[in-house]
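**Student:** Pasting a structure here, questions to come.
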Amino acid sequence: MSFLLGPIVGFAQTAEQQRHLDSLLVRNQSYNRIDSTKVKILTDVYRQYMRIKDADRMEDYVNRTIQLAQQLKLNTFSAMAYYRRGLFYHGRSDYIKAEANYEHAISEFDLVKNLDMIAGTYLNMGAMYANIPDYAKSLEVNQKAIAIYDKLGNDLDMASCYTNISSIYQDLGKASQSLVYLQMALKVFAKDEPNGRGVAVVQNLIGAAYLDAPKDELLKMGTTVKDRLQIALSNFEKSLTISESLGENGLIASNKQQIGNVYNELGNDDLALKSYQKAIQISKVGDDKNLYADCLYALGSFYLKRKDYENALVLYSNSYEIAKQNNLLEIKKQAAFGLSEIYENLDRYDESLAFYKEYIIVKDQIFNKDKEREITRRQMQIDFGFKEKDYQFKQKITDVELQKQVLLAKQQQQELFLKQQELALSDKEKTLQRLTFLKKQVDLEIDREVQKNKFERAKLQSKYETSLRDRQIIKQDEQIKFDWRVKIFLTVAITLVLLTALVIFLNQRKTTRLNKIISSQKRELEQLGRVKDRIFSVVSHDLRTPVNSIISFIQLLEGGTIEQEKLTKYASSLRNNLSYTSTMMENLLNWAASQMQGFNPHLESLDIEKVIAEVTRSMQDLANQKGISLNNNIEKFVTCKADHNMLSLVIRNLLSNAIKFTDKGGKITIDAIIVAENLEIKIIDTGIGLKTAQINHFNKPGYLGAGVSSLGTNNEKGTGLGLMLCRTFVGLMEGEIQVQPNPTGGTIFTIILPR
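Sequential numbering from 1 applies to the sequence shown in full-length UniProt numbering.
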């Protein structure tokens, strides 16, 4: 496993990621220039496709990026595209595509002389070859990375290469050679940061090398089987001290588990148990489920060794479930076998057989994965002969070490040849496994028959005892039947009571709802009655004055003595009074019509600019008399759904009020804006405005202002019906009307109608 290359973490496709991708695609579509910005946009697009794991579209945009970058001589972008695509397929274990992209990336990085990225690519290739496994190739590319890091003077990354090479030797069972590279790495990390993470990792690996080394390798390492435990313990404790100071919980848990293994082998049960428990406690809250499952399995094995089956069963079960959820096949296999063993010791043969079957299944899965890796290795046409290098490491690796690596590669070639033979014998191995399984199954069946015989004897004994209790059971049955009848009677009675209560409750709730409706209608009728009374009062008062004026004017005409100048003056005054009376009667008739059932507006799509223009033309003379500027700012072809006559009447009333309460030289503006699915028509004047109480009263849902009229700035009279009529007609057109103060003086009436 690579020291530097961590697991490639995939993220679920979220709505936020999709929105970000959509914005990048829009930006790419709209940007048509062929330059470095276009390359950066394409880079962002393929990286987003990598995050959501869309391989097909990722391939398309990576190819576009590479083609354009090479065309513009921007080889850094094409190199990073190959490198990232290699990482993508590496994370998916598609090693053939990963290798091809890594090699292209190295070629592109070489064009821009980016040695650091070339070395980093070699380092990832080393991790990939180790996973196949192809240790010869892994050693080769790690050596190339070391040579580059040595040239750059990058000791830390070179130390990481040493650590990776040590893992290769550890996997090959060459703990002594692994120790050489770990010591070299430790020297570099300790020089850079004595209490850094690198030192903690390497000391943990050194401890593991001593703990797991076979006897012959321990001799090469200069120690014995017994002494290795103290050396391993010392390294684990040093690593633990640094890990705790850094807060590296993953390393802390790993060291605690390994310390528990050492104490377990030393026979110190108390310290081993404490170490295992601490490792589980820390790893439980971490992200490394492999480590957590392994810690649970280690403590389960500790209890199983001491025949504490209850605790071992719990720990093995938890380890098995975590391994199952996270597809950790090796731990799942070990936990399944351990559970089978525990259940067998507990004489629970069905469970033992089930987990033994699961053990065989998982073992076959691991074997099949090994075969898949072998097929991958063959497809990649690996050259197992490891060629001697033309260089050696400066003061890091001697010629003797290089020769050892060549011999190791040759040894690996022989091991791989044996691997081929092992694959040829795979069917025979499966057959032997099946025979072992069948033998265990027969043993379990025999035990099951023994248990069955015991059960039959117990069953006969039970029948004998049952016959003695038959009479008592008959009496109990009679009592039970009586109790059952009583329960049925009580159940029926309770059900009837509940149904009656439910009916009463529903009736009361219906009555309450109807009372509320009646009360609401009563309040509305009372309000309408008050409005009508107020209207009749206004009409009776306001009609008296113009009628009296007409009578007096006729009397003057009959006398024949009135001068022409006075006649003209009286006629003008009479005309004004009759104009006011006509307007009042028109509003009154319109309001009366709106209150009649069956009075429905004819809603149609209207060009608001035309409707407003018609009204403003009719009101222009009245505005000119007071020198008021009347501005229609509504653009053409702005439409909404409304009744033409109703809307004209509403606008005319609002403009009439605006002119009435605006001083000479004032200004009235009509605007319209589209808000979502509505059109807002605003009539803005610079007049005297409304009081806060008047504005609040008008904006309330139950506004009724009929008969309340005020004199205008030139003592113009009003009907008192205009605003109420506007409110009623706007409501009939499924709209709203609001009023608010104009910050610069005056009022703003807003009509909101659907489009």
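Glycine included, C-beta positions come from ideal geometry on N, C-alpha and C.
1. Kindly provide the ranges of any alpha helix (DSSP H) runs that are 4 or more residues long and lie completely inside the segment 147-198, ordered along the chain.
2. With DSSP as the reference, label T512 as helix, strand or coil.
3. Can you say whether V503 is buried or exposed, counting buried as having 16 or more other CB atoms within 10 angstroms of its CB?
4. Please state whether DSSP places K700 in a helix, a strand or coil.
5. Would the segment 629-638 and the segment 603-611 be scored as touching if the rule is three or more Cβ pairs under 8 Å?
6. Pull up the distance between the alpha-carbon of L732 and that of L525, whole angstroms please.
7. Would you call the segment 46-58 and the segment 70-77 touching, i.e. three or more CB-CB distances under 8 Å?
8. Which residues in the same chain have their Cβ closer than 6 Å to the Cβ of V198, if we skip the five residues on either side of it in sequence?
9. When we look at the beta-carbon of residue 760 and count the other beta-carbons within 10 Å, is it buried (16 or more) or exposed?
10. Span of the beta strand (DSSP E) holding E563?
11. Touching or not, the segment 229-237 and the segment 175-190, by the rule of three or more beta carbon pairs under 8 Å?
12. Residues in the same chain with beta-carbon distance under 8 Å from H20, minus the five sequence neighbours each way, listed in chain order, please.
13. Could you tell me the alpha carbon to alpha carbon distance between E563 and K700, rounded to whole angstroms?
14. Within a Cβ cutoff of 6 Å, which residues of the same chain sit near T37, ignoring the five residues on either side of it in sequence?
15. Does V362 pass the burial test, meaning 16 or more other C-beta atoms within 10 Å, or should it be called exposed?
16. Where does the unbroken alpha helix (DSSP H) through K40 begin, and where does it stop?
17. Nearest to E677 by alpha carbon, out of P754, A658, F729?
18. What does a CB cutoff of less than 8 Å around Q365 pick up in its chain, not counting 5 residues either side in sequence?
19. Looking at the structure shown, is A213 part of a helix, part of a strand, or coil, going by DSSP?
20. For T121, report the span of its alpha helix (DSSP H) as first-last.
21. By the DSSP assignment, the beta strand (DSSP E) with N742 in it spans what residues?
22. What is the rounded straight-line gap between the Cα of A293 and the Cα of D155?
23. DSSP on F661, reduced to helix/strand/coil?
24. Going straight from the alpha carbon of N696 to that of T728, what length do you get?
25. Which residues in the same chain have their Cβ closer than 6 Å to the Cβ of G665, if we skip the five residues on either side of it in sequence?
26. Indicate whether at least one CB of chain D lies closer than 9 Å to the CB of T241.
27. Alpha carbon to alpha carbon, how far is N204 from N255? Give it in angstroms, no decimals.
28. Can you say whether N318 is buried or exposed, counting buried as having 16 or more other CB atoms within 10 angstroms of its CB?
29. Whose C-beta lies closer than 7 Å to the C-beta of K324 among residues of the same chain, with five residues either side of it excluded?
30. Rounded to whole angstroms, what is the Cα-Cα separation between A98 and Q281?
31. For the 8 Å Cβ check, are there 3 or more pairs between the segment 130-141 and the segment 108-117?
32. Express the C-alpha separation of A336 and E358 in angstroms, rounding to a whole number.
33. Based on DSSP bridge pairs, tell me the residues matched to C726.
34. Assuming N261 and A298 are in contact, meaning their beta carbons sit under 8 Å apart, how far apart are those beta carbons, in whole angstroms?
35. May I have the straight-line CA-CA distance separating S552 from E565, to the nearest angstrom?
36. Are L725 and N653 close, meaning C-beta to C-beta below 9 Å?
**Tutor:** Put simply:
1. 155-171, 175-192
2. helix
3. exposed
4. coil
5. yes
6. 19 Å
7. no
8. The sequence given here places Gly at residue 198; Val does not occur at that position. If we look at G198 and ignore the five residues flanking it on each side, its Cβ neighbours are F189.
9. No statement about residue 760 is possible, as the shown extent of the chain runs from 1 to 755 and does not include it.
10. Run containing E563: none; DSSP gives neither H nor E here.
11. no
12. Q48
13. 53 Å
14. none
15. buried
16. 36-51
17. P754
18. L329
19. coil
20. 115-131
21. It is not in any beta strand (DSSP E) - N742 carries neither H nor E in the DSSP assignment.
22. 35 Å
23. coil
24. 17 Å
25. G627
26. Protein chain content of the structure displayed is limited to a single chain, and chain D is not contained in it.
27. 7 Å
28. buried
29. K332
30. 38 Å
31. no
32. 6 Å
33. In DSSP, C726 forms no bridge with anything.
34. 7 Å
35. 17 Å
36. yes
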